[in-house]
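K.L.:
So the number in this note's numbering is just where the residue sits in the sequence shown, counting from 1, plus 35.
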Amino acid sequence: MRPHDRDDQAAGLRRLVGDLNHLRALGILGPDAELNSIAGANLAFALGHRGDAVCLIDEAPGPHNVATRFGLTPNYGLVDVLDGKRGFSETLAEAPGGLQLLHAPNGSARVAGTDERAWNRLADEFIGHEWEWLLLAAPADESPSLALASPLRLLVLPAAQSRLPEAYAVLKAAHRKQPDTRWLALVMNAGEDDKTHQLMSALNETTQRFLGIEVEPVGAVPKDAHLDQATRAMRAVLEFAPGAPSAQSIRLLAERLHDVAAPAMRQDAKTFWQRMGLIGRLNPQPRSRTQHVQHSRAYG
Numbered sequence: 036m037r038p039h040d041r042d043d044q045a046a047g048l049r050r051l052v053g054d055l056n057h058l059r060a061l062g063i064l065g066p067d068a069e070l071n072s073i074a075g076a077n078l079a080f081a082l083g084h085r086g087d088a089v090c091l092i093d094e095a096p097g098p099h100n101v102a103t104r105f106g107l108t109p110n111y112g113l114v115d116v117l118d119g120k121r122g123f124s125e126t127l128a129e130a131p132g133g134l135q136l137l138h139a140p141n142g143s144a145r146v147a148g149t150d151e152r153a154w155n156r157l158a159d160e161f162i163g164h165e166w167e168w169l170l171l172a173a174p175a176d177e178s179p180s181l182a183l184a185s186p187l188r189l190l191v192l193p194a195a196q197s198r199l200p201e202a203y204a205v206l207k208a209a210h211r212k213q214p215d216t217r218w219l220a221l222v223m224n225a226g227e228d229d230k231t232h233q234l235m236s237a238l239n240e241t242t243q244r245f246l247g248i249e250v251e252p253v254g255a256v257p258k259d260a261h262l263d264q265a266t267r268a269m270r271a272v273l274e275f276a277p278g279a280p281s282a283q284s285i286r287l288l289a290e291r292l293h294d295v296a297a298p299a300m301r302q303d304a305k306t307f308w309q310r311m312g313l314i315g316r317l318n319p320q321p322r323s324r325t326q327h328v329q330h331s332r333a334y335g
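#1: Determine the DSSP secondary structure at E160, reduced to helix, strand or coil.
#2: Counting C-beta neighbours from all protein chains within 10 Å, is the total for N100 16 or more, i.e. buried, or is it exposed?
#3: Does the region 56 to 68 come close enough to the region 107 to 118 to have 3 or more Cβ pairs within less than 8 Å?
#4: Suppose contacts are defined by Cβ-Cβ distances below 8 Å. Is W168 in contact with L58 by that definition?
#5: Locate the alpha helix (DSSP H) running through D93, then write down its first and last residues.
#6: Using only the alpha-carbon positions, how far apart do P96 and L238 sit?
#7: DSSP puts M223 in a beta bridge; with which residues?
#8: Tell me the residue span of the alpha helix (DSSP H) that contains I285.
#9: May I ask you to report which of helix, strand or coil DSSP gives I63?
#10: Which same chain residues end up closer than 8 Å to N71 when comparing Cβ atoms and leaving out the 5 residues on each side of it in sequence?
#11: Classify D42 as buried or exposed, calling it buried when 16 or more other Cβ atoms lie within 10 Å of its own Cβ.
#12: Over what stretch of residues does the beta strand (DSSP E) that includes H138 continue unbroken?
#13: Suppose the cutoff is 7 Å on Cβ atoms and the five residues either side in sequence are ignored; what does the same chain contact list for L82 look like?
#14: Based on Cα-Cα distance, which residue from R244, A282, E251 lies nearest to H261?
#15: Taking the beta carbon of S323 as the centre, do at least 16 other beta carbons fall within 10 Å, making it buried, or is it exposed?
#16: Measuring straight from C-alpha to C-alpha, what distance separates W154 and G312?
#17: What span of residues does the alpha helix (DSSP H) with L70 cover, start to end?
#18: Can you list, in chain order, the residues of its chain with a C-beta nearer than 6 Å to that of A225? Leave out the 5 residues immediately preceding and following it.
#19: Helix, strand or coil for W308 per DSSP?
#20: What are the residues that DSSP puts in a beta bridge with D263?
#21: Along the chain, where does the alpha helix (DSSP H) that runs through L268 open and close?
#22: Please name the residue, chosen from T266, L187, T242, that lies closest to A297 on a Cα-to-Cα basis.
#23: Give the straight-line distance between the Cα atoms of L206 and S180, rounded to the nearest whole angstrom.
#24: Report the CB separation of E249 from P131 in whole angstroms; it is logged as a contact under 8 Å.
#25: In the DSSP assignment, what residue or residues form a beta bridge with W218?
#26: Hey, quick one: how far does the beta strand (DSSP E) through L170 stretch, first residue to last?
#27: Return the first residue and the last residue of the beta strand (DSSP E) that E201 is part of.
#28: If we ignore side chains and look at the alpha-carbon of each, how far apart do D115 and S236 end up?
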């Protein structure tokens, strides 16, 4: 049986029993492409390791994307689905930990250029999967992303005071494009000192002052040689060195996200698919896209 046929059968069953599939959606954003991909890959693996069914929409370009972190080079992706060349299931790459990955570079722009009816017709294929988590990994800049559709966003924060203006710029751009969300923050490469607390305090002082929002800290991943080695080996640190401090932090993060994303925050899968389409059409790509933007220290 072809994957596309299985999609059609799953869609038919769901029409009979009603669209009962609900999921937790989490957008992953931040100013550092490498840290974003490391955090996204390891978090996805940790959620899968605890028994959750996980799909990740990988919008970041290579080499600093989640696919690269797992040594994957997907043959197909979102563009093939939208062009009608492949069924949805055929484009999903299998990654370690049971993760399914949808290669979707520049995904928001692809969606913006897709007819609304054509996008909505794909909803039945999307909801044919029993995912508990949908992670949406955004590019490391201020351009529109499908991650804006998520009601829960994780800001991946480099552990350096000098990177705060960039992190704030990413957060501000996302908030102004789509403000109805809850923000969490994860500090990557944290040291042993109290700088993590200082970074979060400085970030929250700025976001509360200029945007009227609060960012909730959900953990810090320490600077760890095991994490560096796992990254070079294209493996999740939980698999490579499960006893490492970074692995323990990522495991705790996965548990923490389960507490934060309570059952009440689950999204109807079909409604969320339609919301992603709407977000793509409402936030078209700017004419000139710059991947690395220098920011001044002036906030606001």
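Ideal Cβ positions, reconstructed from N, Cα and C, are used throughout, including at glycine.
P.N.:
So, to answer that:
#1: Here residue 160 refers to the residue found at position 125 of the sequence shown. Helix at E160.
#2: To locate residue 100, count along the sequence shown from 1; it is residue 65. Taking all protein chains in view, the Cβ of N100 is crowded by 16 or more other Cβ atoms within 10 Å, so the residue is classified as buried.
#3: no
#4: Position 133 of the sequence shown, counting from 1, holds the residue named residue 168. Position 23 of the sequence shown, counting from 1, holds the residue named residue 58. For W168 and L58, yes; Cβs fall inside 8 Å.
#5: Counting from 1 along the sequence shown, the entry for residue 93 is found at position 58. In the DSSP assignment, D93 falls outside any alpha helix (DSSP H) and within the unbroken beta strand (DSSP E) covering 89 to 93.
#6: On the sequence shown, position 61 is the one that residue 96 refers to. On the sequence shown, position 203 is the one that residue 238 refers to. Roughly 27 Å separates the two Cα atoms.
#7: In the sequence shown, counting from the first residue as 1, residue 223 sits at position 188. In the DSSP output, where bridge partners are listed per residue, M223 has P193, V256.
#8: By one-based count along the sequence shown, residue 285 stands at place 250. Note, I285: alpha helix (DSSP H), 280 to 295.
#9: To locate residue 63, count along the sequence shown from 1; it is residue 28. If DSSP states are grouped into helix, strand and coil, I63 belongs with the strands.
#10: For the purposes of this step, residue 71 is identified with residue 36 of the sequence shown, where counting begins at 1. Cβ neighbours of N71 beyond the five flanking positions: I63, L64, G65, A95, H99, A172, A173, A175, V191.
#11: Looking up residue 42 in the sequence shown gives position 7. Any answer about D42 is weak, because its pLDDT of 46 lies below 50 and its placement is not dependable; what the coordinates show is given next. Looking at its Cβ environment, which holds 16 or more other Cβ atoms inside 10 Å, D42 is buried.
#12: Here residue 138 corresponds to residue number 103 of the sequence shown, with the count starting at 1. From DSSP, the beta strand (DSSP E) with H138 extends over 135 to 138.
#13: Taking the first residue of the sequence shown as 1, we reach residue 82 at position 47. Excluding residues within five positions, the ones whose Cβ falls inside 7 Å are V89, W168, A289.
#14: If you number the sequence shown from 1, residue 261 lands on position 226. The shortest C-alpha to C-alpha distance from H261 to any of R244, A282, E251 is the one to A282.
#15: Taking the sequence shown and counting its residues from 1, the one referred to as residue 323 is at position 288. Any reading at S323 is ruled out, since the residue's pLDDT is 44, under 50, leaving its predicted position unreliable.
#16: The residue you call residue 154 lines up with position 119 of the sequence shown. The residue you call residue 312 lines up with position 277 of the sequence shown. Going from the Cα of W154 to the Cα of G312 covers about 7 Å.
#17: Walking along the sequence shown from the start, residue 70 turns up at place 35. From DSSP, the alpha helix (DSSP H) with L70 extends over 68 to 84.
#18: In the sequence shown, the residue the question calls residue 225 occupies position 190. So the list reads A194, T231, A255, P257, once near-sequence residues are dropped.
#19: In the sequence shown, the residue the question calls residue 308 occupies position 273. Three-state DSSP puts W308 in a helix.
#20: Position 228 of the sequence shown, counted from the first residue, corresponds to residue 263. According to DSSP, which records beta bridges pairwise, D263 is partnered with nothing at all.
#21: As a working mapping, residue 268 is identified with position 233 in the sequence shown. A quick correction: the sequence has Ala, not Leu, at residue 268. A268 -> no alpha helix (DSSP H), and no H or E assigned at all.
#22: Sequence index remark: in the sequence shown, residue 297 carries index 262 (1-based). Nearest option by C-alpha distance: L187.
#23: Translated into positions along the sequence shown, residue 206 becomes position 171. Translated into positions along the sequence shown, residue 180 becomes position 145. Whole-angstrom Cα-Cα distance: 12 Å.
#24: Here residue 249 corresponds to residue number 214 of the sequence shown, with the count starting at 1. Here residue 131 corresponds to residue number 96 of the sequence shown, with the count starting at 1. In fact, because the Cβ distance is near 35 Å, the residues do not count as touching under 8 Å.
#25: In the sequence shown, residue 218 corresponds to position 183, counting from 1. W218 pairs with R188, V250.
#26: As a position in the sequence shown, residue 170 is number 135, starting the count at 1. Counting along the chain, the beta strand (DSSP E) containing L170 begins and ends at 168 to 172.
#27: Taking the sequence shown and counting its residues from 1, the one referred to as residue 201 is at position 166. Note, E201: premise wrong, no beta strand (DSSP E); alpha helix (DSSP H) at 199 to 212.
#28: Taking the first residue of the sequence shown as position 1, residue 115 is located at position 80. Taking the first residue of the sequence shown as position 1, residue 236 is located at position 201. Straight-line Cα distance between these residues: approximately 44 Å.
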